[in-house]
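The structure under discussion appears below in the form of structure tokens.
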Amino acid sequence: MIKKIRTPLLIIMLIFIFLFSLSGIPGILEEEPDSTIGDLVIERGYSDTSSKNLVAAILLDYRLFDSVFEAAILLISAAGVLYMTRLPLKDKTMKGGKGNERQ
Amino acid sequence: MPMLTLILLMIGLGIYGMATSRHLIKSVIFLNVLEASVILFFLRLFTSDPGAVPILNGNNGAYVDPLPQALMITAIVIGASVTALTLMMSIKLYHQYGTLDWKTLLEVEDRQ
Amino acid sequence: MKDSDSIRCIARILYPFMLLFGCYIIIFGDVSPGGGFQGGVILATARLVTLYIPEKADIDVEIFNLAEKLLFLLLLLLGLLSLFTVGGLFTNVLSAELPHEIRRWFLVILNLAIGIKVSSGLTLIFTQFVKEGE
């Protein structure tokens, strides 16, 4: 019984969570606020960071902390790939499903 | 709002595919679909309609909000790292066990 | 497909232009669309194009790994440096009184560091994938 309704229940729950998260976005369920962070960046971005590209102004000055550790994530991922290629295979290979008979 | 419908469909497709696919590569593909839907969601729903690219060019036009774009470049880079790591893991799994089927891999894991 | 003459010829012509385009995207990242991450990805993709050139030079992966580590340390140092000059962590090193044309160079250096770091990391990943597939 519970197995039959589990999948639709999960989907309904996910849709509900999605719609609930929509309520945080201005202009959909709530009314838009007077000013956002984006307006502030557009207004004072050039005088604060001297970068005409406002996306670069956010990435390289306001949120440089995020950018540096985003680069750290890439470093960790590349190190993981390098580690995994050097990992030796274990002896008990089960290629072609031959290991299925073994207990 | 046709864009919102498309994004909802993509989110549903991603979750459905990740829940039901039995092949590891397919799971990675659906993870990327889910990620692309989130990126589309941020880029579309936070932009005002008459907006220029957020690069100052002298004339005072209406610019698009630059904050979601800066956040989404982070999401794209992290998604690329996660995809690379997952694909390398699946390559090693295939070399070890000769299959990429979730069910078979779990059975092999149980037996050991 | 690797033996096709036309693809090999086009890859040879395309490779320097892709490197040039990636460097342009990185260096002019603060006045035009682009930046360190985007240009780094383009530089790494240029390495993928060389897979179609048979007589390419073999690269050592260790150099890319070392460059990535050192450039990450450089990024951290550049972030920490502003504590001593301006007084806040992770902002522009040069103070706000200086003209924009001078303060802009900090962004260029930062873009270059991020771009080379991302390109070496992604080149490492691509190279390992190709090596694993062979």
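Chains as they are written, first to last, in the working numbering: chain A, -7 to 95; chain B, 19 to 130; chain C, 6 to 139. Think of the CB as a built atom: it goes at the ideal place given N, C-alpha and C, for glycine as much as any other residue.
Exercise. Given 8 Å as the limit, is there contact between the segment 90 to 99 of chain C and the segment 25 to 40 of chain C, that is, 3 or more CB pairs closer than that?
Worked result: The segment 90 to 99 of chain C makes no contact with the segment 25 to 40 of chain C, as fewer than three CB pairs between them are under 8 Å.
For this session: Please name the residue in 122(C), 110(C), 97(C) whose C-alpha comes closest to that of residue 70(A).
Result: Taking only the C-alpha atoms, the option nearest residue 70(A) is 122(C).
Exercise. If residue 99(B) and residue 51(A) are in contact, beta carbons under 8 Å, what's the gap, nearest whole angstrom?
Worked result: With a Cβ gap of about 17 Å, residue 99(B) and residue 51(A) do not count as contacting.
Exercise. Excluding sequence positions up to five away, which residues of its chain have a Cβ less than 6 Å from the Cβ of residue 44(C)?
Worked result: For residue 44(C), where only same-chain residues beyond five positions count, the Cβ hits under 6 Å are 27, 30, 31, 120.
For this session: Would you list, in sequence order, the uninterrupted alpha helix (DSSP H) runs of no fewer than 4 residues that lie entirely inside the segment 66 to 104 of chain C?
Result: The alpha helix (DSSP H) runs of length 4 or more contained entirely in the segment 66 to 104 of chain C are, from start to end of the chain, 66 to 90.
For this session: List the residues of chain B whose Cβ lies closer than 8 Å to the Cβ of residue 62(A), in chain order.
Result: Taking the beta carbon of residue 62(A) as reference, the chain B residues within 8 Å of it are 92, 95, 96, listed in sequence order.
Exercise. How would you list, in chain order, the residues of chain A whose beta-carbon sits under 9 Å from the beta-carbon of residue 83(B)?
Worked result: Within chain A, the residues near residue 83(B) are 28, 29, 30, 31, 33, 34.
Exercise. Ends of the alpha helix (DSSP H) at residue 33(B)?
Worked result: First-last of the alpha helix (DSSP H) with residue 33(B): 20 to 38.
For this session: Compare the C-beta of residue 82(A) against all C-beta atoms of chain C and say whether one is closer than 8 Å.
Result: Chain C contact via Cβ: absent.
Problem set entry | CB contact check: residue 76(A) to chain B, cutoff 8 Å | Against chain B, the CB of residue 76(A) has a partner CB under 8 Å away; the residue lies at that interface.
For this session: Could you please give the first and the last residue of the uninterrupted alpha helix (DSSP H) stretch that includes residue 93(B)?
Result: It spans 84 to 115 - the alpha helix (DSSP H) in which residue 93(B) sits, taken as one unbroken run.
For this session: Tell me, to the nearest whole angstrom, how far the beta carbon of residue 132(C) is from that of residue 58(C); I am working on the premise that it is less than 8 Å.
Result: Here residue 132(C) is actually not in contact with residue 58(C); their C-beta atoms are around 14 Å apart, not less than 8 Å.
Problem set entry | CB contact below 8 Å: residue 44(A) versus chain C | Taking Cβ atoms only, chain C reaches closer than 8 Å to residue 44(A), which makes this a yes.
Problem set entry | Residue of 120(B), 29(B), 61(B) minimising C-alpha distance to residue 43(B) | Out of 120(B), 29(B), 61(B), the CA that lies nearest to the CA of residue 43(B) is found in 120(B).
Exercise. With residue 90(B) and residue 61(B) assumed to form a contact (beta carbons below 8 Å), what rounded beta-carbon distance in angstroms separates them?
Worked result: Contact between residue 90(B) and residue 61(B) holds: their C-beta atoms lie close to 6 Å from each other, under 8 Å.
For this session: Taking all protein chains shown into account, decide if residue 75(A) is buried (16 or more other Cβ within 10 angstroms of its Cβ) or exposed.
Result: Exposed: under 16 other Cβ atoms inside 10 Å.
Exercise. When the Cβ atoms of the segment 65 to 83 of chain B are set against those of the segment 43 to 50 of chain A, are three or more pairs found closer than 8 Å?
Worked result: The segment 65 to 83 of chain B makes contact with the segment 43 to 50 of chain A; the number of CB pairs closer than 8 Å reaches 3 or more.
Exercise. If you measure from the beta carbon of residue 139(C) to each beta carbon in chain B, is any gap under 8 Å?
Worked result: Put simply, the CB of residue 139(C) is far from chain B, with every gap to its CB atoms at 8 Å or more.
Exercise. Any C-beta of chain C sitting closer than 8 Å to the C-beta of residue 71(B)?
Worked result: So yes, residue 71(B) belongs to the interface.
Exercise. Which first and last residues belong to the alpha helix (DSSP H) in which residue 27(C) is found?
Worked result: Segment 10 to 32, the alpha helix (DSSP H) holding residue 27(C).
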